[in-house]
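In full-length UniProt numbering, the protein residues as written are 1 to 843.
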């Protein structure tokens, strides 16, 4: 490679010399023209022309030398550099595969160990070994981090060294960006491969493994402290035992065999010895428990993170390298040079610019994309001339934006083609999911199909999940932006090219806040969640039918969702259930209007809902896990396995956050989770262009006041996907009311952007807050009448009318309105008949 570097220096020197001679040539030629125009003597003109010809000859020599040096560089690259890089790639690939297999076996072994009998520590075991092990573990963490950083530094240096072999012209493109990427300057494929490798390995995150190792070190430190305490108790016990034995010997020497010793004098010492023995046994048990935790919660996560880290490492580095290696080195011999550039043309023509988003969303869930997948099928829009609007997510923000676009007045050439993508076939009116549990509404009323809602519109609907989002837009000079906005790749393999994009992906429950919540708690935010909760309650109602034991329900969270769930379920179960609502705050609905809060407290109190305020849920686990893990009987599995599973009880450990409260342990038949949510916006891959979506700490896209994503004039975000602040600098709440209003503004601003009109800044108008408290009971506090709260049947009727008006389409509103009126009439007739029956029976 020294020859390549030397030749490259010589080549650049010759190029510089050629440029100097070229400048002299231009000056001499201008002088010849000047002499000719002035009518100079032919001898002078001939002399100047001869000088120019000599310069041409001098210039041709560096050019020939440059061509020869370039050919030599190409030959060296083909004969040495290609082969060496190929061997390096293959060696790394083999090493990564072996490392993955090694960690897979380690993970297997540690998993088997964690399922075996619990760890027992011998009393003779010293804690010095534990301290040495902890030192080795900390050294392991430092060495692992150093190893990853060294590998990243190596690949970075390799890439920088290769790029020094590329002559970079200091030119700028039309956007004012310096083309530092090898693919942009037409470099051979080998340089592109190493550049992509450098970008890929930079994404390797070793923090998970590092934190797991440090966690194991903390477990060992805890074990060491427990061991010290156990040794102290052991020494104290041995001291008391020796003292007791000494007193017994002294007493036996003081009395003759016929006399009765004064045992009462030794009884106190015996009792103290027994207490100390019990304390030592308890300390020894704590040591055993700490040792078991070291194995299960300390050592096991290390190999889990190791396996995941190296698997991702291998995927990131070899997915593109192996494919590029086949392109680079698939043909050897005399034709290698020509095949290299033939393959390079196809390699560099792939869609490789811009940043890519790998997302997982509710309205558009996502998974990672393998570069080795087949080419996607391009979606064909009906009209190539009209604007193309793609909306990801069919919740309040996405669907209502699409309907708003449909309702606006457009010129024929500007009316956009709208495509709505959602992973579900139904739109869900989430504020009325509680009525599914109480039986007030049917599923079709609050969860109509998109095909029915959009039948009379020009909006296209795809039921699919988003796999990859690749935006092209960025802020150019001036306010206008031209060109395509980007592409969306669906999981089915369909590639959609758009001009304008709307992100309305929603959010999902965040169940990873507490150990056991993801496994044993039920969220309540989707139609599937409502069905799951309803089915679980039905199972519990069938199992407890005719029994005295109540159904115990634990609701985590006392915001609107938690209070509405607690009120609805307590009314449904009545005397057959016990509902407990847990909240870390010391108040119910702390941010709600006072009228709604008072109405909720009154209803919860009347239905005997126990409020556990000021408590934090530390963990959720199955009750009696040890019995559940016992071996099956000889007769094999029971036929009532499903029923037994449905009757599983759960234990909640509650930790007080206020002074004066004590820790509690609750047992529940069902745990409902209503706290915490996370936005489902995707994560961006590394890119050499400034196309990343700006995200806040909650994973929401930062938008300006017109709801456009900052830095992306062709992307709008709203609802849970948007991080927009009010005039006081506070984030707007992720409520249906906010999404309703943002959808109107997003639709209008899309119209304005397409028609080159000024966009409107979004201003949230708080119209009030509503909540259901059961059948025929609700609370409503309008903001335009301060202090007014509609409760009971009046509030219930007002809430249903308000939500009826907010349903998506006129056709659906009409169907639901007729259905609700019919149900109301039937209920009224049934109530009258019941009243008449009671009166007649009483008379």
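Ideal Cβ placement from N, Cα and C applies to all residues, glycine included.
Beta bridge counterpart(s) of residue i as assigned by DSSP
i, result
"residue 500", "389"
"residue 141", "Beta-bridge pairing links residue 141 to no other residue."
"residue 464", "None, per the DSSP bridge assignment."
"residue 725", "731"
"residue 786", "According to DSSP, residue 786 bridges with nothing at all."
"residue 716", "502, 708"
"residue 678", "508"
"residue 514", "None; residue 514 has no bridge partner."
Exposed unless 16 or more other CB atoms sit within 10 angstroms - verdict on residue i
i, result
"residue 241", "exposed"
"residue 146", "exposed"
"residue 430", "buried"
"residue 834", "exposed"
"residue 417", "buried"
"residue 829", "exposed"
"residue 143", "exposed"
"residue 772", "buried"
"residue 446", "buried"
"residue 739", "buried"
"residue 727", "exposed"
"residue 597", "buried"
"residue 603", "buried"
Local conformation of residue i per DSSP, three classes
i, result
"residue 758", "coil"
"residue 669", "coil"
"residue 520", "helix"
"residue 650", "strand"
"residue 658", "coil"
"residue 568", "helix"
"residue 376", "coil"
"residue 547", "coil"
"residue 620", "strand"
"residue 280", "helix"
"residue 364", "For residue 364, the predicted structure reports a pLDDT of 43, less than 50, and the residue's modelled location is therefore unreliable. A value from the coordinates is still provided. In this structure, residue 364 counts as coil in the three-state DSSP scheme."
"residue 371", "Since pLDDT at residue 371 reaches only 37, below the 50 mark, its modelled position is unreliable, and the value read off the structure follows with that caveat. Coil at residue 371, not helix or strand."
"residue 471", "strand"
"residue 664", "strand"
"residue 246", "helix"
"residue 405", "helix"
"residue 552", "strand"
"residue 810", "helix"
"residue 291", "helix"
"residue 763", "coil"
"residue 586", "coil"
Segment limits, beta strand (DSSP E) that includes residue i
i, result
"residue 532", "Careful: residue 532 lies outside any beta strand (DSSP E), inside the alpha helix (DSSP H) at 527–543."
"residue 578", "577–583"
"residue 487", "486–490"
"residue 782", "778–782"
"residue 769", "768–772"
"residue 455", "That residue, residue 455, is in no beta strand (DSSP E); it is neither H nor E in DSSP."
"residue 693", "Neither: residue 693 is in no beta strand (DSSP E) and is coded neither H nor E."
"residue 420", "417–422"
Alpha-carbon to alpha-carbon, residue j and residue i
i, j, result
"residue 557", "residue 503", "28 Å"
"residue 751", "residue 387", "10 Å"
"residue 288", "residue 549", "37 Å"
"residue 463", "residue 490", "10 Å"
"residue 613", "residue 588", "8 Å"
"residue 260", "residue 215", "In this predicted model, residue 260 has a pLDDT of only 47, less than 50, meaning its place in the structure is not dependable enough to derive any value."
"residue 279", "residue 662", "24 Å"
"residue 615", "residue 381", "55 Å"
"residue 35", "residue 44", "8 Å"
"residue 274", "residue 575", "49 Å"
"residue 816", "residue 564", "22 Å"
"residue 487", "residue 623", "49 Å"
"residue 553", "residue 582", "11 Å"
"residue 699", "residue 770", "28 Å"
"residue 443", "residue 283", "57 Å"
"residue 524", "residue 825", "30 Å"
Terminal residues of the alpha helix (DSSP H) in which residue i lies
i, result
"residue 410", "Where residue 410 is concerned, there is no enclosing alpha helix (DSSP H), given that its DSSP letter is neither H nor E."
"residue 596", "594–606"
Any non-hydrogen atom of the ligand FAD closer than 6 Å to residue i Cβ
i, result
"residue 833", "With respect to the ligand FAD, the structure shown offers nothing to examine, as it has no ligands at all."
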